[in-house]
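The structure appears below as structure tokens.
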Amino acid sequence: MTAHETQATSPGSRKAGDTRGTLIRAAERLFAAKGVDGASLNEIKRAAGQRNAMALQYHFGDRSGLLRAVLDKHLPAVDARREVLLQQYEDSGDGGDGGDLRPLAAALVLPAAAELADPDGGREFLQIVAELLNRPEPLVEVVVTQGSSIYPWRRLLEPLLTPESTAVFHTRFTAMRFCHAELAARAAARPRGDDRLFTSRLVDLVTALLAAPVSEQTARLLHERDRKGRPER
């Protein structure tokens, strides 16, 4: 065993890892229950059983660092699942004008919905993401970081949507907010034995949202707004 391996598996290293993991699990529970800004760092330290007042700062720096650690615990698996579905979509040749929206709706829903079955904070993660995306000023950049699978998802959707849907009404983001709000509500309720029916119907609803046309009334109001030179919504 090398010196590096000895150090990585030493009791001190394991203890530090245990402390970090315990703090993350406590943050998941309290962020989900009270909101990311509603749970105090002292509450999280107490819930994690940490007497060391500097433990949280040592491992994460501040609240933002702790939130980043919570999200980074789950997002790589969500991204990996979505990337598989997007690759399958591209390989099937369904892209382009007139393509089927449902596989892309499924690529948004299913990778996140799998977290309902993750006993290690998956349900709390879904509630946290929904809060971040559904704030009056959404913290999109916290959830959709560089390299996120949301970027290729958006790219594949663009040719299937009207210019108004993407540039004016931000339909893709609306679908994300709706999807995560529904998943968060499911996650906050008592666990079910089977989420397949719920998930399939959620895919139906996201598909319908993405496909929703711009009505004549909406188009007329948009035209009137643009003619008056008002700022974008």
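Every number in our numbering is 6 more than the matching position in the sequence shown, counting from 1.
All C-beta atoms in this analysis are idealised placements derived from N, C-alpha and C, irrespective of residue type, glycine included.
Quick check on DSSP: helix, strand or coil for ARG52? helix
Say whether chain B places a C-beta atom closer than 8 Å to the C-beta of ARG87. Within the model displayed, chain B is absent; a lone protein chain is all it includes.
Under 6 Å Cβ to Cβ from GLU34, same chain only, skipping five residues before and after it: list those, please. VAL76, GLY127 and GLU130
Answer yes if the stretch 131-148 comes into contact with the stretch 28-42, meaning at least three C-beta pairs across the two stretches below 8 Å, and no otherwise. Touching, yes.
Mapping the DSSP letters down to three states, classify SER70 as helix, strand or coil. Residue state, collapsed to three classes: helix.
What residue range does the alpha helix (DSSP H) around LEU132 cover? 128-139
For GLY99 and THR25, the rounded distance between their alpha carbons: 48 Å
Collapsed DSSP secondary structure at ALA59 in the structure displayed: Three-state result, ALA59: coil.
With 16 other Cβ atoms within 10 Å as the buried cut-off, status of THR15: Only weak support is given to the placement of THR15: the predicted model assigns it a pLDDT of 47, under 50, and the question is left unresolved by the model.
Host alpha helix (DSSP H) of ALA113 (start-end): It spans 108-119 - the alpha helix (DSSP H) in which ALA113 sits, taken as one unbroken run.
Output needed for VAL115: all residues of its chain with C-beta closer than 7 Å, excluding positions within five of it in sequence on either side, in chain order. So the qualifying residues of the chain are CYS185, THR205, LEU208, VAL209 and VAL212.
Under 8 Å, with one C-beta from each stretch per pair, do the stretch 152-164 and the stretch 218-237 reach the 3-pair mark? The count of Cβ pairs closer than 8 Å, one atom from the stretch 152-164 and one from the stretch 218-237, stays below three, leaving the stretches out of contact.
Leaving aside the five residues before and after ALA194 along the sequence, list all residues of the same chain whose C-beta is less than 8 Å from its C-beta, in chain order. ALA38, ARG129 and GLN133
Alpha-carbon spacing of ASP201 relative to LYS51, whole angstroms: Annotation: ASP201 to LYS51 spans about 33 Å, alpha carbon to alpha carbon.
Residues near THR180 in its chain [Cβ-Cβ closer than 8 Å; skip 5 each side]: The residues are LEU215.
If you compare alpha carbons, which of GLU164, ALA217 and SER154 is closest to LEU81? SER154
Assign ALA33 to one of three DSSP states: helix, strand, or coil. helix
Given a cut-off of 8 Å on the beta-carbon distance, is the pair LEU91 and PRO117 in contact? Closer than 8 Å, so yes.
Does SER154 come out as helix, strand or coil in the three-state DSSP assignment? coil
Going straight from the alpha carbon of ALA54 to that of GLU230, what length do you get? 56 Å
According to DSSP, is ALA191 helix, strand or coil? helix
Distance, Cα to Cα, ASP68 vs LEU62? 7 Å
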